[in-house]
Amino acid sequence: MIVVAKAVEVAEALRPPEGCSELRVTVAGAGRYTFATEATDDYANAAESFLCEAARRVAAAISEDDPHAEPPKTRSKRAPGPAHMQPTMNVGLFGDVAHGKSTLCKACTGKRTQQHSSEQKAHGATIRL
Numbered sequence: 001m002i003v004v005a006k007a008v009e010v011a012e013a014l015r016p017p018e019g020c021s022e023l024r025v026t027v028a029g030a031g032r033y034t035f036a037t038e039a040t041d042d043y044a045n046a047a048e049s050f051l052c053e054a055a056r057r058v059a060a061a062i063s064e065d066d067p068h069a070e071p072p073k074t075r076s077k078r079a080p081g082p083a084h085m086q087p088t089m090n091v092g093l094f095g096d097v098a099h100g101k102s103t104l105c106k107a108c109t110g111k112r113t114q115q116h117s118s119e120q121k122a123h124g125a126t127i128r129l
């Protein structure tokens, strides 16, 4: 998390080009961030280059290895090995029709529940996120 915060600081320190507003970084979900700037149509190319440069600098800052960094502490007693490709999250919601269950699930997980409708048909209420 500290590495990500430093990388975001690097991006925010980037001076915007003429015609662009300061870079805004917002959290878009678990491990996802959104970079935004405002510009008129005349400066659209400058804004695009500005955002690409910010993304490049963040990627470079994250990929740098800090020789003084402590290794992350683990809580589990699981044997070291390859990590699972996708973490598992179980979300259970129940309620009447049209009361916002899908909207709440999307807000909590960042995924659309209708994304895998074939699974929904095959398994009833179980939906892979």
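Heads up: the sequence shown begins at 1 in UniProt numbering, then just goes up one per residue. We treat Cβ as the ideally placed atom computed from N, Cα and C, and that holds for glycine. As the structure is a prediction and not an experimental result, all values here were calculated from the model.
Any C-beta of chain D under 8 Å from that of residue i
{"i": "Thr40", "result": "This model lacks chain D altogether, as it is built from one protein chain only."}
Span of the beta strand (DSSP E), counted from its first residue to its last, around residue i
{"i": "Phe35", "result": "Arg32 to Ala36"}
Buried or exposed by the 16-neighbour rule on C-beta atoms within 10 Å, applied to residue i
{"i": "Phe94", "result": "exposed"}
{"i": "Cys20", "result": "buried"}
Which of helix, strand or coil DSSP assigns to residue i
{"i": "Gly19", "result": "coil"}
{"i": "Arg112", "result": "coil"}
{"i": "Ala11", "result": "helix"}
{"i": "Val3", "result": "helix"}
{"i": "Ala47", "result": "helix"}
{"i": "Ala39", "result": "strand"}
Anticipated Cβ contact below 8 Å, residue i with residue j, distance rounded
{"i": "Ile62", "j": "Ala5", "result": "That pair is no contact at about 11 Å."}
{"i": "Thr37", "j": "Ala28", "result": "Not a contact, Cβ separation roughly 16 Å."}
{"i": "Ala30", "j": "Gly92", "result": "Going by Cβ atoms, the distance from Ala30 to Gly92 rounds to 19 Å, so no, they are not a contact pair."}
Contact under 8 Å by Cβ, residue i with residue j
{"i": "Val58", "j": "Ala13", "result": "no"}
Residue span of the alpha helix (DSSP H) that contains residue i, given as start and end
{"i": "Ala28", "result": "Run containing Ala28: none in the alpha helix (DSSP H); it sits in the beta strand (DSSP E), Arg24 to Gly29."}
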